[in-house]
Structure formats: C-alpha cells, structure tokens
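Chemist: In this note's numbering, the protein residues as written are 16 to 101. Starting off with a structure, shown below.
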Amino acid sequence: MILTADREREVIRTLLLKSGAGEEEAEDVAEVLTEGDLRGFHSHGMLRLPYILRALRRGTILPRAKVRVVRESPATALLDGGHGLG
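Below, the structure is given as structure tokens:
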C-alpha cells in the first residue's frame with residue numbers, strides 16, 4: 016500500500032489517539048515517524064508503529080506522561096520522561 020505523507024501522518028495520529036495518546040503527542044509522534052520515512056530512515060518511520068502500539072497496550076509506554084527535570088547544571092539537564100512517547 017502506498018500512502019501520501021499526509022495520509023501516513025493521519026493514520027498514525029488516529030491509531031495513537033485510539034490507543035490513549037493525547038492530541039499533541041499523537042501529532043508529534045506522527046510527524047516524527049512520517050519524517051523518518053520521508054528521509055529514508057524507515058527503521059525510524061511507520062515501521063516503529065506496531066512496537067509503539069503494542070507498548071501502549073502493555074503499559075510499557077505510558078500515554079500523556081509528564082517529563083520532569085531531575086537535575087540541572089549550567090550546561091546540562093537530566094530529564095525523566097516518565098515512560099512516555101518520544
């Protein structure tokens with residue numbers, strides 16, 4: 016099946032929303048995966064979607080997770096992604 020980039024984004028976004036992702040994170044992930052495909056890095060494109068959807072179902076990726084700053088210095092920051100997407 017051949018999809019346009021816009022259609023790919025929409026399919027990914029819709030599946031993520033149905034899996035519990037928030038609107039903004041679904042759009043962000045759809046954009047990143049589609050860009051991976053457009054740039055020829057298919058291992059970082061839609062090919063990742065089944066893994067992501069499975070992880071959302073199993074609870075190993077948590078939708079709507081909040082990123083928090085654990086520690087900061089003038090040049091670095093340690094972030095905790097809370098097992099979220101991204």
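For every residue, glycine included, the Cβ atom is placed at its ideal position computed from N, Cα and C.
For Glu40, is the classification buried or exposed, using 16 other Cβ atoms within 10 angstroms of its Cβ as the cut-off for buried?
Modeler: Taking the sequence shown and counting its residues from 1, one reaches residue 40 at position 25. The residue is buried, with at least 16 neighbouring Cβ atoms inside 10 Å.
Chemist: Near Leu77, what residues of its chain come up, given a Cβ to Cβ distance below 6 Å and the 5 sequence neighbours on each side ignored?
Modeler: Taking the sequence shown and counting its residues from 1, the one referred to as residue 77 is at position 62. So the list reads His98 and Gly99, once near-sequence residues are dropped.
Chemist: Go through its chain and collect everything with a Cβ distance to Lys81's Cβ below 7 Å, but skip five positions before and after it.
Modeler: As a first step, residue 81 is located in the sequence shown; it is residue number 66 there, counting from the start. Within the same chain, Lys81 has close Cβ partners Gly97.
Chemist: Take Leu62 as the anchor and find which of Val44, Arg73 and Thr75 has the nearest alpha-carbon.
Modeler: Sequence index remark: in the sequence shown, residue 62 carries index 47 (1-based). Ranking the options by Cα distance to Leu62, first place goes to Val44.
Chemist: Report the three-state DSSP secondary structure of Arg83 (helix, strand or coil).
Modeler: Numbered from its first residue, the sequence shown carries residue 83 at position 68. Strand, per DSSP.
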